[in-house]
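>
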Amino acid sequence: MTQMNRQSTCFAAQVRNIPAGAANPTVTSRPCAQQVQVFTNGLPSCPERTIAVCVDDFGLNTGVNAAALHLSEMRRVSALSAMTQAPAWEDGAARARRLDNRRIDVGLHFNLTQSFRGAPALGSVQTLIAATHLRLLPKRHVREALLRQLDAFEEEMFRAPAHVDSHEHVHHLPVIRDVVLDVLLRRYGSALPWVRVSAAPATSLAGSFRSADERKAWLIDRLVGAEHFRRRARSLGFGANRRLLGAYGFDATETGYGSLLRRWLRQARSGDLLMCHPGSSAAGDVISRGRCVEFAVWSDPHLPLLLRELGIRIAPMSVLRAATA
């Protein structure tokens, strides 16, 4: 077993045993330590900026739930995005209800591409890209799926979602985006949730990619139509994040992910959203190794020093949108 695998196994065991309300956790690895540099006169090396950090896939399994709730209590993240068809949703929601909604946005991670018991997927993301651009996907199927998932969210959280995004960014696609925005307008009226815009940073759009994660960010932006979705959502009165950070191949080591995180934080502008996927090892979860790595980095005790050095403050997007409205 490699050192990386031993560390990930250790963190997988740790995240499964996080008690509710735990504080000041013991972390045995410090992947952010080498990312922290000495700053002059105690001042940050970059202008101060405020961003939101969102844990995706909440409800998928107990390991994802435990990691997300633990990082929420540590104030490392400011949003949770929930899959309300997933097997651990009800258990996770019971704990998420106790979070301070002034510090944590809990929203819907609209899912059309992953099957759960009693909730088959409409298709893979590749299938939906083709079907929506050819206008072959019936709007009725999308609307019914969205209404069921919104109902499930409200039944467990006793409130509307603070935001709506989607698994694999499919809410940006033609047909699907029209249904999503229409349903949210009709359902929530003047109290609209904010919506995620998966727009890549300018460096990822320049065409001269330095890395695979920049290529992935570009593909997400262009294939699903992030800018078109932003314009349409804005014209209807929806708030949204500025850009999306955090896209990569879920294949990094702790050191590698720490380096990616430093780069994303240096790129960040106020109003950006950084997505993450922490969790633990779980059968059937194809990115469980990446989840262990992300949890290790986001729970690292050196992370607050890195945030301070780079001038980053983490806050809920709902608070950011209200401040700039």
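Residue numbers (the numbering used here): -17 to 307. Ideal placement from N, C-alpha and C gives every residue a C-beta, glycine not left out. On a predicted model such as this, the values are computed, not experimentally measured, just so you know.
1) Can you list the beta strand (DSSP E) stretches of 3 or more residues lying completely in the segment 132 to 159, in chain order?
2) Return the Cβ separation of residue 154 and residue 220 in integer angstroms, given the expectation that the two are a contact with Cβ distance under 8 Å.
3) What did DSSP end up calling residue 77 once you bin it into helix, strand or coil?
4) Please confirm if the segment 102 to 119 is in contact with the segment 64 to 81, defined as three or more CB-CB distances below 8 Å between the two stretches.
5) Apart from the five residues on each side of it in sequence, which residues of its chain come closer than 7 Å, Cβ to Cβ, to residue 214?
6) Among the residues of its own chain, which have a CB less than 8 Å from the CB of residue 173, if the five just before and after it don't count?
7) Is the beta carbon of residue 282 less than 9 Å from the beta carbon of residue 149?
8) Hey, residue 41 and residue 61 are a contact pair by Cβ (cut 8 Å); roughly how many whole angstroms apart?
9) Would you check if the distance between the CB atom of residue 144 and the CB atom of residue 299 is smaller than 9 Å?
10) Where DSSP assigns a beta bridge to residue 34, which residues make up the other side?
11) From which residue to which residue does the alpha helix (DSSP H) around residue 179 run?
12) Report, in whole angstroms, the separation of the C-beta atoms of residue 53 and residue 260, which I expect to be a contact under 8 Å.
13) Short check: CB of residue 288 to CB of residue 254, under 9 Å?
14) Give me whichever residues DSSP pairs with residue 88 in a beta bridge.
15) Using the three-state DSSP reduction, which class does residue 229 fall into: helix, strand or coil?
16) Expressed to the nearest angstrom, what Euclidean distance is found between the alpha-carbon atoms of residue 125 and residue 56?
17) In the DSSP assignment, what residue or residues form a beta bridge with residue 40?
18) Go to residue 214, then tell me how far its alpha helix (DSSP H) extends in each direction, as first and last residue.
19) Could you tell me which residues DSSP pairs with residue 98 in its beta bridges?
20) Let me check one thing: in DSSP terms, what residues is residue 294 bridge-paired to?
21) Quick one: grab the DSSP three-state call for residue 287.
22) Using DSSP with H/G/I as helix, E/B as strand and the rest coil, what is residue 222?
23) From residue 250 to residue 50, what does the alpha carbon distance come to, in whole angstroms?
24) Let me know if residue 63 comes out buried or exposed under the rule of 16 or more other beta-carbons within 10 Å of its beta-carbon.
Reading off the structure:
1) Counting only runs that start and end inside the segment 132 to 159, the beta strand (DSSP E) elements of at least 3 residues fall at 145 to 148.
2) Mapped onto the sequence shown, residue 154 falls at position 172. Mapped onto the sequence shown, residue 220 falls at position 238. That belief does not hold up - the Cβ atoms of residue 154 and residue 220 are roughly 13 Å apart, past 8 Å.
3) Counted from its first residue, the sequence shown places residue 77 at position 95. If DSSP states are grouped into helix, strand and coil, residue 77 belongs with the helices.
4) Touching, no, given that fewer than three Cβ pairs across the two stretches are closer than 8 Å.
5) Position 232 of the sequence shown, counted from the first residue, corresponds to residue 214. Apart from sequence neighbours up to five positions away, the residues of its chain that approach residue 214 with a beta-carbon distance below 7 Å are 159 and 163, ordered along the chain.
6) The count along the sequence shown starts at 1 and reaches residue 173 at position 191. Once the five neighbours on either side are set aside, the close Cβ partners of residue 173 are 142.
7) Here residue 282 refers to the residue found at position 300 when the sequence shown is read from its first residue. Here residue 149 refers to the residue found at position 167 when the sequence shown is read from its first residue. Against a cut-off of 9 Å, the Cβ pair of residue 149 and residue 282 comes out as no contact.
8) Taking the first residue of the sequence shown as 1, we reach residue 41 at position 59. Taking the first residue of the sequence shown as 1, we reach residue 61 at position 79. Their Cβ separation, rounded to whole angstroms, is 14 Å, which puts residue 41 and residue 61 out of contact at 8 Å.
9) Looking up residue 144 in the sequence shown gives position 162. Looking up residue 299 in the sequence shown gives position 317. Cβ distance < 9 Å, so residue 144 and residue 299 count as in contact.
10) If you number the sequence shown from 1, residue 34 lands on position 52. As a beta-bridge residue in DSSP terms, residue 34 pairs with 255.
11) Sequence index remark: in the sequence shown, residue 179 carries index 197 (1-based). For residue 179, there is no enclosing alpha helix (DSSP H), as DSSP marks it with neither H nor E.
12) Against the sequence shown, residue 53 aligns to sequence position 71. Against the sequence shown, residue 260 aligns to sequence position 278. In this structure residue 53 is in contact with residue 260, their Cβ atoms being roughly 6 Å apart against a cut-off of 8 Å.
13) On the sequence shown, position 306 is the one that residue 288 refers to. On the sequence shown, position 272 is the one that residue 254 refers to. The answer is no: Cβ separation not under 9 Å.
14) Here the question's residue 88 lines up with position 106 in the sequence shown. Per DSSP, 62.
15) Here residue 229 refers to the residue found at position 247 of the sequence shown. Coil at residue 229, not helix or strand.
16) Working through the sequence shown from its first residue, we reach residue 125 at position 143. Working through the sequence shown from its first residue, we reach residue 56 at position 74. In a straight line, the C-alpha of residue 125 is about 36 Å away from that of residue 56.
17) For the purposes of this step, residue 40 is identified with residue 58 of the sequence shown, where counting begins at 1. Paired residue(s): 64.
18) As a working note, residue 214 is residue 232 in the sequence shown. Segment 208 to 217, the alpha helix (DSSP H) holding residue 214.
19) As a position in the sequence shown, residue 98 is number 116, starting the count at 1. DSSP lists 101 as partners of residue 98.
20) Sequence index remark: in the sequence shown, residue 294 carries index 312 (1-based). According to DSSP, residue 294 bridges with 31.
21) The count along the sequence shown starts at 1 and reaches residue 287 at position 305. Assigned with DSSP and collapsed to three states, residue 287 falls in helix.
22) Residue 222 sits at position 240 when you count from the first residue of the sequence shown. Residue 222 falls in the strand class under three-state DSSP.
23) Looking up residue 250 in the sequence shown gives position 268. Looking up residue 50 in the sequence shown gives position 68. Each residue's alpha carbon lies about 22 Å from the other.
24) In the sequence shown, the residue the question calls residue 63 occupies position 81. With 16 or more other Cβ atoms within 10 Å, it is buried.
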